[in-house]
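A.B. asks:
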Amino acid sequence: MHNSADRQLAENSRAVTVLVITSFIMFLNETLMGVALPTLMAELKITPVTGQWLTTGFLLTMSVVIPITGILIQRVTTKRLYYFAAGTFLIGTALCAFAPSFVFLLIGRIVQAVGTAIISPLLLTVVVTVIPAAVRGRFMGRISAVMSLAPAIGPAVSGLLLSVLGWRALFLVVLPIATVVAILGVVLLRNVGETKPVSIDVLSVVLAALGFSMTVYGLSQLGEAATHQQPIPPWLPILIGVITIALLCARQLRLLRLGKQPLLDLRVFQSRVYRIALAIIGINMMALFAVVILLPIFAVRVLGLEPLQIGLILLPGGILMGVLGLFVGRLVDRFGSRPLLLPGMLTTACALLLLAFVVGENTQGWQLLLTNMLLSFGLGLSFTPLFSAGLGALKSELASYGTAIYSTVQQVAGAAGTAVAVTIYSLVFAAASGDIAGVDPAATASGTATAELLAAEVTAVRAAFLTSSGLALTGFLLALFMRERTQQSS
Numbered sequence: 001m002h003n004s005a006d007r008q009l010a011e012n013s014r015a016v017t018v019l020v021i022t023s024f025i026m027f028l029n030e031t032l033m034g035v036a037l038p039t040l041m042a043e044l045k046i047t048p049v050t051g052q053w054l055t056t057g058f059l060l061t062m063s064v065v066i067p068i069t070g071i072l073i074q075r076v077t078t079k080r081l082y083y084f085a086a087g088t089f090l091i092g093t094a095l096c097a098f099a100p101s102f103v104f105l106l107i108g109r110i111v112q113a114v115g116t117a118i119i120s121p122l123l124l125t126v127v128v129t130v131i132p133a134a135v136r137g138r139f140m141g142r143i144s145a146v147m148s149l150a151p152a153i154g155p156a157v158s159g160l161l162l163s164v165l166g167w168r169a170l171f172l173v174v175l176p177i178a179t180v181v182a183i184l185g186v187v188l189l190r191n192v193g194e195t196k197p198v199s200i201d202v203l204s205v206v207l208a209a210l211g212f213s214m215t216v217y218g219l220s221q222l223g224e225a226a227t228h229q230q231p232i233p234p235w236l237p238i239l240i241g242v243i244t245i246a247l248l249c250a251r252q253l254r255l256l257r258l259g260k261q262p263l264l265d266l267r268v269f270q271s272r273v274y275r276i277a278l279a280i281i282g283i284n285m286m287a288l289f290a291v292v293i294l295l296p297i298f299a300v301r302v303l304g305l306e307p308l309q310i311g312l313i314l315l316p317g318g319i320l321m322g323v324l325g326l327f328v329g330r331l332v333d334r335f336g337s338r339p340l341l342l343p344g345m346l347t348t349a350c351a352l353l354l355l356a357f358v359v360g361e362n363t364q365g366w367q368l369l370l371t372n373m374l375l376s377f378g379l380g381l382s383f384t385p386l387f388s389a390g391l392g393a394l395k396s397e398l399a400s401y402g403t404a405i406y407s408t409v410q411q412v413a414g415a416a417g418t419a420v421a422v423t424i425y426s427l428v429f430a431a432a433s434g435d436i437a438g439v440d441p442a443a444t445a446s447g448t449a450t451a452e453l454l455a456a457e458v459t460a461v462r463a464a465f466l467t468s469s470g471l472a473l474t475g476f477l478l479a480l481f482m483r484e485r486t487q488q489s490s
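Numbering of the sequence shown is given in the numbering used here, commencing with residue 1 and proceeding in unit increments.
1) Starting from the C-beta of S388, find all residues in its chain whose C-beta is less than 8 Å away, skip the five residues before and the five after it, and write them out in chain order.
2) To the nearest angstrom, how far is it from the Cα of L222 to the Cα of R334?
3) Between which two residues does the alpha helix (DSSP H) holding I143 run?
4) Taking the C-alpha atoms as reference points, what is the distance between L324 and K260?
5) Which runs of the alpha helix (DSSP H) spanning at least 4 residues fall entirely within the stretch 277–365, listed in chain order?
6) Can you give the beta carbon distance from P570 to L263, rounded, assuming they're within the 8 Å contact cut?
7) Over the uninterrupted alpha helix (DSSP H) stretch that includes P100, give me the two end residues.
8) Using a Cβ-Cβ cut-off of 8 Å (strictly less than) and excluding sequence neighbours within five positions of I18, which residues of its own chain qualify?
9) Have a look at T448 and V65 and give me their C-alpha separation to the nearest angstrom.
10) Should Q252 be labelled buried (16 or more other beta-carbon atoms within 10 Å of its own) or exposed?
11) Relative to the C-alpha of G92, which candidate in T179, R80, Q112 has its C-alpha closest?
12) Can you grab the Cα-Cα spacing for the pair A431 / L369, in whole Å?
13) Compare the Cα-Cα distances from L60 to each of Q411, A464, T450 and report the closest residue.
14) Does the structure place the stretch 309–326 close enough to the stretch 340–357 that three or more beta carbon pairs sit under 8 Å?
15) Is the stretch 280–295 in contact with the stretch 403–423, if contact means three or more CB pairs nearer than 8 Å?
16) Would you mind giving the Cβ-Cβ distance between V302 and E457, rounded to the nearest angstrom? I have them listed as a contact below 8 Å.
17) What does a CB cutoff of less than 7 Å around G311 pick up in its chain, not counting 5 residues either side in sequence?
18) When DSSP labels each residue in this structure, what does L369 get in the three-state scheme?
19) Counting beta carbon pairs with one atom in the stretch 266–283 and one in the stretch 375–389, are three or more of them shorter than 8 Å?
20) What separation, rounded to the nearest whole angstrom, lies between the Cα atoms of S271 and L342?
21) Anyone know if the C-beta pair for A117 and M33 falls short of 8 Å?
22) Around the Cβ of W496, are there at least 16 other Cβ atoms within 10 angstroms (buried) or fewer (exposed)?
23) Can you have a look at Q74 and say buried or exposed, based on whether 16 or more other CB atoms are within 10 angstroms of its CB?
24) Unbroken beta strand (DSSP E) runs of length 3 or more, entirely within the stretch 29–54: which are they?
25) Tell me the rounded alpha-carbon separation between P38 and F298.
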């Protein structure tokens, strides 16, 4: 009996490993485009606003597809859903690699986003379903490692490929690797759980697509609107999105009362642990994106650093967070989530506070590197316990909906974190300097930037980091009220 259980765990572990590797490739691909935008704009002769749609279109597609994955996992077998996700990603990557124009490149990115949106909730659902609670933490640690490592190395990989082979190499290199991993998935992956002939409420799908896409779009435009006039004020799509999401929630509750299948089963929010974990994950994503966006801006405009130097400053923190996830998962299995989550959130808040006072006109690169590593340490201690405790608190039939909502909140919180950070930065800079354009990096490099403008830049970045520190402290206070309750057994 014991040997049979060990063999089953080994088989499940191989399947999860394939999904983790697939997720890593997709997450890495998601981060490659930022560094490549200037090159693409020059070669394809497009404006910055047009080029930004390669990122915005990807995020909007993710925000539309992710909420639907909960019910898709109920209806479609694991293997078929994996085949669709991997196949869609491969088709999108091929379209991007051989795109003759910007339009085809954008279509390819959107197709890629469909596969990427499915794989993350699928991975989490498989782990929660087939991995025993006693060892689930180490598998959640692997997921946290992938989520941390891919964004950390993405800019460096992108910069290297761009400088040596050109922008098409971003996709030509990914394509064969993703193909091999997809083949491994065909061989090693097995179906998990039983499918159910559940119906899909079309009105809920429409409301989810409109609500989340409008919210993410509006948030993505909010920071830009602080410094540039927008044809559509960003509060309008945000308002439409929030109202539509409220209607979506009302629709889901009505379907539950009628005994029908909702698109998003809101019974997941009956779990206090899940609610708190979800809120803290949103807070952490907002804090993380604030640093990812503003630290490079500060380093370029105030310190005059090059993109490669900035990448090297951020890289050790991302690697530390990824490696830490592997060890934290085992500690969660042994001690539970709370003993790791509390010091993790407190470290995150302190690191952001320290970062706010580290930034200055004479800041050294090593100071940013060490402070970012401290922040990464705190986040690395936090993410795995949050995934493990929150999803572990749900009944098995709610797991797929819980993972879909987790992934949706990550997308929305990332967009919100960027919007809040850039808006605070822009407004404080404008108030401190009377200017809204920011410091010209060329002026910093040549030493012609005025002391007043540099001081205003520091003040603006500091204000954003202080706000992020306050958010993280709120997350720590929430963590004090979280008591772990595992609903699912092996």
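The beta-carbon is built from N, C-alpha and C at its ideal position, and this holds for glycine as well.
C.D. replies: Reading it off the structure:
1) Shown here for S388: same chain residues with a beta carbon closer than 8 Å to its own, the five before and five after excluded, namely R136, G137, M140, G329, V332, S337 in chain order.
2) If I take the Cα positions, the gap works out to 43 Å.
3) Judged by DSSP secondary structure, I143 falls within the alpha helix (DSSP H) whose first and last residues are 136–164.
4) L324 and K260: Cα-Cα distance of roughly 43 Å.
5) Within the stretch 277–365, the complete alpha helix (DSSP H) runs of at least 4 residues are 307–335, 338–358.
6) With the chain represented from 1 up to 490, any question about residue 570 goes unanswered, as that position is not in the structure.
7) Boundaries cannot be given for P100, as no alpha helix (DSSP H) includes it and DSSP labels it neither H nor E.
8) Residue identity check: residue 18 is Val in the sequence provided, not Ile. Once the five neighbours on either side are set aside, the close Cβ partners of V18 are V181, L184, G185, L188, L189.
9) Confidence at T448 is low in this model, with a pLDDT of 49, below 50, so the placement of that residue is unreliable and no value is reported for it.
10) Q252 is buried by the Cβ-count criterion.
11) In this structure, Q112 is the residue among T179, R80, Q112 with its C-alpha nearest to the C-alpha of G92.
12) The straight-line gap from Cα to Cα measures roughly 29 Å.
13) Checked all of Q411, A464, T450; the closest Cα to L60 is Q411.
14) The answer is no - the stretch 309–326 does not touch the stretch 340–357, with fewer than three Cβ pairs under 8 Å.
15) With the cut-off at 8 Å, the stretch 280–295 and the stretch 403–423 touch.
16) About 5 Å separates the beta carbon of V302 from that of E457, a gap short enough to meet the 8 Å contact definition.
17) So the list reads P155, A156, G159, once near-sequence residues are dropped.
18) Helix at L369.
19) Touching, yes.
20) Distance between S271 and L342, taken at the CA atoms: about 20 Å.
21) For A117 and M33, no; Cβs fall outside 8 Å.
22) There is no way to answer for residue 496, as the model of the chain reaches only from 1 to 490.
23) Classification of Q74: buried, given that the 10 Å Cβ count is 16 or more.
24) For secondary structure counted as the beta strand (DSSP E) over 3 or more consecutive residues, the stretch 29–54 holds no complete run.
25) Take the alpha-carbon of P38 and the one of F298: they are about 19 Å apart.
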